[in-house]
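Okay, structure first, notes after.
Number of protein chains: 2
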Amino acid sequence: MVTLKQLAKELNVSISTVSKALNNSEEIGEDTVKRVKELAELYRYKPNKVALSLKQNKTKTIGVIIPDILNHFLAKVLFGIEREATKHGYNIITCISNESLDKEKESLQLLANGSVDGFILSVAEETQTKNEVEHFKRTINHGLPIVMFDRVAHDVMCDKVIVDDFDATYNATKYLIEKENRKKIAFISNIDQLSIGKLRERGYAKAILENTNYEPLILKINKNKDAQQKIKSFFKKHKPIDGVISADSASGIIAINTSAKFGLNVPKDISVIGFASKSASNLSLPRLTTIRQHAKVIGANAAQMLIERMQNTSREGDVKTKIVKTSFVKNKSTLK
Amino acid sequence: MVTLKQLAKELNVSISTVSKALNNSEEIGEDTVKRVKELAELYRYKPNKVALSLKQNKTKTIGVIIPDILNHFLAKVLFGIEREATKHGYNIITCISNESLDKEKESLQLLANGSVDGFILSVAEETQTKNEVEHFKRTINHGLPIVMFDRVAHDVMCDKVIVDDFDATYNATKYLIEKENRKKIAFISNIDQLSIGKLRERGYAKAILENTNYEPLILKINKNKDAQQKIKSFFKKHKPIDGVISADSASGIIAINTSAKFGLNVPKDISVIGFASKSASNLSLPRLTTIRQHAKVIGANAAQMLIERMQNTSREGDVKTKIVKTSFVKNKSTLK
DNA sequence: CTGAAAGCGCTAACAA
DNA sequence: TTGTTAGCGCTTTCAG
Numbered sequence: 001m002v003t004l005k006q007l008a009k010e011l012n013v014s015i016s017t018v019s020k021a022l023n024n025s026e027e028i029g030e031d032t033v034k035r036v037k038e039l040a041e042l043y044r045y046k047p048n049k050v051a052l053s054l055k056q057n058k059t060k061t062i063g064v065i066i067p068d069i070l071n072h073f074l075a076k077v078l079f080g081i082e083r084e085a086t087k088h089g090y091n092i093i094t095c096i097s098n099e100s101l102d103k104e105k106e107s108l109q110l111l112a113n114g115s116v117d118g119f120i121l122s123v124a125e126e127t128q129t130k131n132e133v134e135h136f137k138r139t140i141n142h143g144l145p146i147v148m149f150d151r152v153a154h155d156v157m158c159d160k161v162i163v164d165d166f167d168a169t170y171n172a173t174k175y176l177i178e179k180e181n182r183k184k185i186a187f188i189s190n191i192d193q194l195s196i197g198k199l200r201e202r203g204y205a206k207a208i209l210e211n212t213n214y215e216p217l218i219l220k221i222n223k224n225k226d227a228q229q230k231i232k233s234f235f236k237k238h239k240p241i242d243g244v245i246s247a248d249s250a251s252g253i254i255a256i257n258t259s260a261k262f263g264l265n266v267p268k269d270i271s272v273i274g275f276a277s278k279s280a281s282n283l284s285l286p287r288l289t290t291i292r293q294h295a296k297v298i299g300a301n302a303a304q305m306l307i308e309r310m311q312n313t314s315r316e317g318d319v320k321t322k323i324v325k326t327s328f329v330k331n332k333s334t335l336k
Numbered sequence: 001m002v003t004l005k006q007l008a009k010e011l012n013v014s015i016s017t018v019s020k021a022l023n024n025s026e027e028i029g030e031d032t033v034k035r036v037k038e039l040a041e042l043y044r045y046k047p048n049k050v051a052l053s054l055k056q057n058k059t060k061t062i063g064v065i066i067p068d069i070l071n072h073f074l075a076k077v078l079f080g081i082e083r084e085a086t087k088h089g090y091n092i093i094t095c096i097s098n099e100s101l102d103k104e105k106e107s108l109q110l111l112a113n114g115s116v117d118g119f120i121l122s123v124a125e126e127t128q129t130k131n132e133v134e135h136f137k138r139t140i141n142h143g144l145p146i147v148m149f150d151r152v153a154h155d156v157m158c159d160k161v162i163v164d165d166f167d168a169t170y171n172a173t174k175y176l177i178e179k180e181n182r183k184k185i186a187f188i189s190n191i192d193q194l195s196i197g198k199l200r201e202r203g204y205a206k207a208i209l210e211n212t213n214y215e216p217l218i219l220k221i222n223k224n225k226d227a228q229q230k231i232k233s234f235f236k237k238h239k240p241i242d243g244v245i246s247a248d249s250a251s252g253i254i255a256i257n258t259s260a261k262f263g264l265n266v267p268k269d270i271s272v273i274g275f276a277s278k279s280a281s282n283l284s285l286p287r288l289t290t291i292r293q294h295a296k297v298i299g300a301n302a303a304q305m306l307i308e309r310m311q312n313t314s315r316e317g318d319v320k321t322k323i324v325k326t327s328f329v330k331n332k333s334t335l336k
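Residue numbers (UniProt numbering), protein chains in the order written: chain V, 1 to 336; chain A, 1 to 336.
Written out as C-alpha cells, the structure is:
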C-alpha cells in the first residue's frame, strides 16, 4: 500500500501538500492537485484506515455480538445490520457468543479497546438465565453505546429494538379460538428459557385463559433433543389437539409433518401457526401459516439507532425502544 | 478509555515506563511494576487496538466476504471461521456480497486500506457467471492474502478449501442405482449457476451415463420461484421417478413432502438424498438421507490456512488446496 | 500556494 | 532502573 509519504517523495512536495490536494483543499494550486491526484490514482492510493481511526478517535466500525449465527432469524438481522451499516460507511466486526455469558463478556471487552465505536447485540441465553447485566453497564459507562435487539436486558438503560412477541402470540391464539373454532390448542416451543420464548408463551396462555375453559397445554422441547419424537408422543397423549401455536419455526414444521403421520389433515383437522421466516414456511406441505418477524427491518433499525447515537455525542440519557411489529401471513396450514 | 499518558501522569513516571511495566519488561523495578499494574487494573486499562495496529502494521483482523448469510451452509462456515479466528486472537470483519460482483469488489477495496490483514471468501454468483478474477489478483498483489472456500475461482493462485462435490454426488447416485436398485433417478437443483452446482450435476450425470441406459433427468429451479409447484409438475411429467438427488437442502425436503402428496411412500417407492445440514434434514418426515458438508471444519481450515500464510510472510507461491470430504449420513428417506 | 510541526496511542532503540 | 525520542500514517494549525 502506498502512503502519503511515498507520494510526496516521488512528487517532490511535502506530505501535507499531498494530503490537502487529495482532500480537495482550496489552498493547493490547480496543477499540483492534478499531479498529485494522477499519481495517487496510478498507485491506487487509499488513506490508511488505521491511521485515520487513530487520528479521529473513531473507527467507523460497529461490534455485533450474536448468540447464534445458525439461527435463521439472527442471521437475517445480521444481514439487515450489515446492509444498513455499509450504507452509512460503517464496517461490522462480528462476534458469536454461542449463548455463553463468558464469551459475551469476552467479546465486549475485546472490542472495547478502540476496535469499535459501539455495539449491537442480542443477549445470550446464559446471560438471560443468570440475569447478569454488569458487563453491559460497564461498556456503556466507558462511553460505548449499545443497542440491544430481540432478546434485551430490561434493566440496562440503552436503545432497544424489539418485537411484539406477546401480542402476536396472543392474537394468533385468539384467531384459532374465535375464527377457526379450535377446541384444543397446544403451544410448542424450543426456546422457553429465552425472554422472547417466555413472552410468546404468556401471550398464548393469556388467550387460552381468557377465552376457553381449559388450561394452557404446553410442550417444551430441549433444542438438542429429538423434536420429532417429542411432538409425536405429545400429540398422542393429548389427543385430540386441533390447533398448534409454535414459538419457533422448526417445531411448527415438524408439527405439520407429524400430523400427516397421525392421519390428520392439515388444516382440516388441525391448524398450525408458527413464528417463521418465508423460506422456512415453504418447507412444509401445506405451507406454514406464519408470524413473520421482519428480521432485516429489525437489523436496519438497530443500526440506524446506533449510528445516530454515535453521531450525537451530546444528548444522552433519553434511551428509546422501538417495536417492530410482526405480520400475520396466512398460508395453507390454517383454514379459509 | 484510559491511555498510557494518563496513567503516566497520575503515577509521575514516563509513558515508556508504564508501557514497559505493563509488558513485563525486565528493565523496570518490581515496585514500580506493581504500582503501575494496580492503577491500570483500577482503570481497566486496555492497550488501544488502533494504535497497536498502526505501530505494528497489522490489524489482527480477517476480512470475510460471504455471498449470502442466509444460506445455512455459508453461515455455518462463518461460524467455523469466527471460532478459529478468535482462538488465534483474530477478529473478523464480515461483508456480505449478496451474490453481486460489484459489492464483492467494493468490499475487497474497502477493506484493503489497512483494515484487515487478509481475506477469506466464497465467490459471488455474479462473479462466477461473468468469470471475473482481476479484483482478486489485484488484492493479492497488494500483499493481502486470500483464502477461498467452496465456490472458488480456479484461475486465481491462492489457498483454497473445497468439498468433494463431484465424487459425493457421483457416489450417492451410484448408491441409489446399485444398492437400492432405483430405475429412474432425477437430479434437482436450485444452484445450477454455481461452480459447485455444476460439479454436483456432473457427478450425478456421470453416474447415470455410466451405469444406466437413460439420460440424466434434471430439474433446475430458480431460487425465487415456487419450488413446491415446480417439483410437483416435474414429478407428474416424468412419472415414475423412484429416486432423487438434490443439490440443495430445500429441494430435497420439498421432494419428500411432495412425494407424500402423490401417494408415494418414502423410502419404499422413492428414495431421496440431498446435500443438507443436520438441522435441515430433521425437517422432513422421514428424515432426509444427506450428504453432510462439515461446514465448520471448512471454516476452521480456511482460517488456519490464512493465519499461517499471514504469519509466514516469507515463502510464497506455493498455494495449497485442501479438500474437506463430505460424509454420507443414512436417514430414513432411503431404504435399509 | 506550500511546508513544517504537532499529535492521535503505542513500542522500542537509545540515552542517562 | 527510568526517561527521551522517533516513528507508524494521517490531518490540521500555523508559519513562511
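No residue lacks a Cβ here, since even glycine has one placed at the ideal position from N, Cα and C. A quick note: this is a predicted structure, and the numbers were derived from the prediction, not measured.
Outcome for D31(V) when other beta-carbon atoms lying within 10 angstroms are tallied against a minimum of 16: Here residue 31(V) refers to the residue found at position 31 when the first sequence is read from its first residue. Exposed.
Within 8 Å of chain V by C-beta, residues of the segment 240-262 of chain A in sequence order: A250, I253, I254, N257, T258, A260 and K261
Buried or exposed by the 16-neighbour rule on C-beta atoms within 10 Å, applied to R44(V): Residue numbering aside, residue 44(V) sits at position 44 when the first sequence is read from its first letter. The residue is exposed, with fewer than 16 neighbouring Cβ atoms inside 10 Å.
Contact with chain V by L70(A), beta-carbon distance below 8 Å: One-based indexing of the second sequence puts residue 70(A) at position 70. Yes, contact with chain V.
Proximal residues of chain A, C-beta to C-beta of A75(V) below 8 Å: Here residue 75(V) is taken as the residue at index 75 of the first sequence, counted from 1. What A75(V) touches in chain A: I69, L70 and A75.
One or two residues paired with I120(V) in a DSSP bridge: Your numbering for residue 120(V) matches position 120 in the first sequence. DSSP lists V64(V) and V147(V) as partners of I120(V).
Beta-carbon contacts of K268(A) that lie in its chain and below 8 Å, excluding the five residues immediately before and after: By one-based count along the second sequence, residue 268(A) stands at place 268. Result list for K268(A): L335, in chain order.
Three-state secondary structure assigned by DSSP to F275(A): In the second sequence, residue 275(A) corresponds to position 275, counting from 1. Here F275(A) sits in strand by DSSP.
Identified DSSP bridge partners for N48(V): Counted from its first residue, the first sequence places residue 48(V) at position 48. Looking at the DSSP assignment, N48(V) forms no beta bridge with any residue, so it has no partner.
Cross-chain neighbours of A227(V) in chain A, by beta carbon under 9 Å: By one-based count along the first sequence, residue 227(V) stands at place 227. Those are N282, listed as they occur along chain A.
Assigned secondary structure, R202(A) (DSSP; H/G/I helix, E/B strand, else coil): Locating residue 202(A) in the second sequence gives position 202, where the first residue counts as 1. Residue state, collapsed to three classes: helix.
Neighbourhood of K137(V) by C-beta, 7 Å cutoff - its chain only, sequence neighbours within 5 removed: Taking the first residue of the first sequence as 1, we reach residue 137(V) at position 137. So the qualifying residues of the chain are V156.
CB contact below 8 Å: G80(V) versus chain A: By one-based count along the first sequence, residue 80(V) stands at place 80. Answer no: the Cβ-Cβ gap between G80(V) and chain A never drops below 8 Å.
Terminal residues of the beta strand (DSSP E) in which S246(A) lies: Taking the second sequence and counting its residues from 1, one reaches residue 246(A) at position 246. G243 to S246 is the span of the beta strand (DSSP E), which, as asked, contains S246(A).
Test: I231(V) CB closer than 8 Å to a CB of chain A: If you number the first sequence from 1, residue 231(V) lands on position 231. It does not: the Cβ of I231(V) has no partner Cβ on chain A nearer than 8 Å.
Residue(s) in a DSSP beta bridge with R292(A): Here the question's residue 292(A) lines up with position 292 in the second sequence. R292(A) is bridged to S327(A).
Closest by C-alpha distance to F166(V), when choosing among A207(V), F119(V) and A21(V): For the purposes of this step, residue 166(V) is taken as the residue at position 166 of the first sequence. When each option's Cα is compared against that of F166(V), the closest is A207(V).
Distance, L7(A) Cα to residue 349(A) Cα: Since the first residue of chain A shown is 1 and the last is 336, residue 349(A) is not available in this structure.
Buried or exposed (CB count within 10 angstroms, at least 16 for buried), H72(A): For the purposes of this step, residue 72(A) is taken as residue 72 along the second sequence, with counting starting at 1. It counts as buried.
I231(A) versus N265(V) - alpha carbon distance: If you number the second sequence from 1, residue 231(A) lands on position 231. If you number the first sequence from 1, residue 265(V) lands on position 265. So the alpha carbons of these two residues sit roughly 21 Å apart.
N-terminal and C-terminal residue of the beta strand (DSSP E) that N91(V) is part of: Within the first sequence, residue 91(V) is the residue found at index 91, counting from 1. That run of the beta strand (DSSP E) goes N91 to I96.
For P69(A), the three-state DSSP class (helix, strand or coil): For the purposes of this step, residue 69(A) is taken as residue 69 along the second sequence, with counting starting at 1. Note that residue 69(A) is Ile in the sequence shown here, rather than Pro. DSSP places I69(A) in coil when its eight states are reduced to three.
Unbroken alpha helix (DSSP H) run spanning V163(V), endpoints: Position 163 of the first sequence, counting from 1, holds the residue named residue 163(V). Here V163(V) belongs to no alpha helix (DSSP H); instead the beta strand (DSSP E) covers D159 to V163.
Test: P47(A) CB closer than 8 Å to a CB of chain V: Numbered from its first residue, the second sequence carries residue 47(A) at position 47. Judged by the 8 Å Cβ criterion, P47(A) is in contact with chain V.
Residues within the UniProt domain "HTH lacI-type" (2-56) of chain V neighbouring chain A, beta-carbon criterion of under 7 Å: K46, P47, N48, K49, V50, A51, S53 and L54
Where S281(A) sits in the DSSP three-state scheme: Taking the first residue of the second sequence as position 1, residue 281(A) is located at position 281. Correct three-state label for S281(A): helix.
Neighbour-count burial assignment, P240(A), 16 or more Cβ in a 10 Å radius: As a first step, residue 240(A) is located in the second sequence; it is residue number 240 there, counting from the start. Answer is exposed; the Cβ neighbour count stays below 16.
C-alpha gap between N171(A) and A247(V), whole angstroms: Here residue 171(A) is taken as the residue at index 171 of the second sequence, counted from 1. Here residue 247(V) is taken as the residue at index 247 of the first sequence, counted from 1. Distance between the alpha carbons of N171(A) and A247(V) is about 39 Å.
Whether I120(A) touches A302(A) by CB criterion (8 Å): As a working note, residue 120(A) is residue 120 in the second sequence. As a working note, residue 302(A) is residue 302 in the second sequence. In contact: I120(A) and A302(A) (Cβ atoms closer than 8 Å).
One or two residues paired with F235(A) in a DSSP bridge: Locating residue 235(A) in the second sequence gives position 235, where the first residue counts as 1. None; F235(A) has no bridge partner.
Which of helix, strand or coil DSSP assigns to K220(A): As a position in the second sequence, residue 220(A) is number 220, starting the count at 1. Strand, per DSSP.
Beta carbon of R287(A) nearer than 8 Å to that of K332(A): Position 287 of the second sequence, counting from 1, holds the residue named residue 287(A). Position 332 of the second sequence, counting from 1, holds the residue named residue 332(A). In contact: R287(A) and K332(A) (Cβ atoms closer than 8 Å).
Own chain residues within Cβ distance below 8 Å of I15(V), not counting five before or after: By one-based count along the first sequence, residue 15(V) stands at place 15. Closer than 8 Å at Cβ, skipping near neighbours: L4, K5 and A8.
Distance, F328(V) Cα to A168(V) Cα: Position 168 of the first sequence, counted from the first residue, corresponds to residue 168(V). Position 328 of the first sequence, counted from the first residue, corresponds to residue 328(V). If I take the Cα positions, the gap works out to 8 Å.
T94(V) at chain A interface by Cβ criterion, 8 Å: One-based indexing of the first sequence puts residue 94(V) at position 94. For T94(V), the answer is yes, since a Cβ of chain A falls inside 8 Å of its Cβ.
Buried or exposed by the 16-neighbour rule on C-beta atoms within 10 Å, applied to T94(A): As a working note, residue 94(A) is residue 94 in the second sequence. When all chains shown are included, T94(A) counts as buried.
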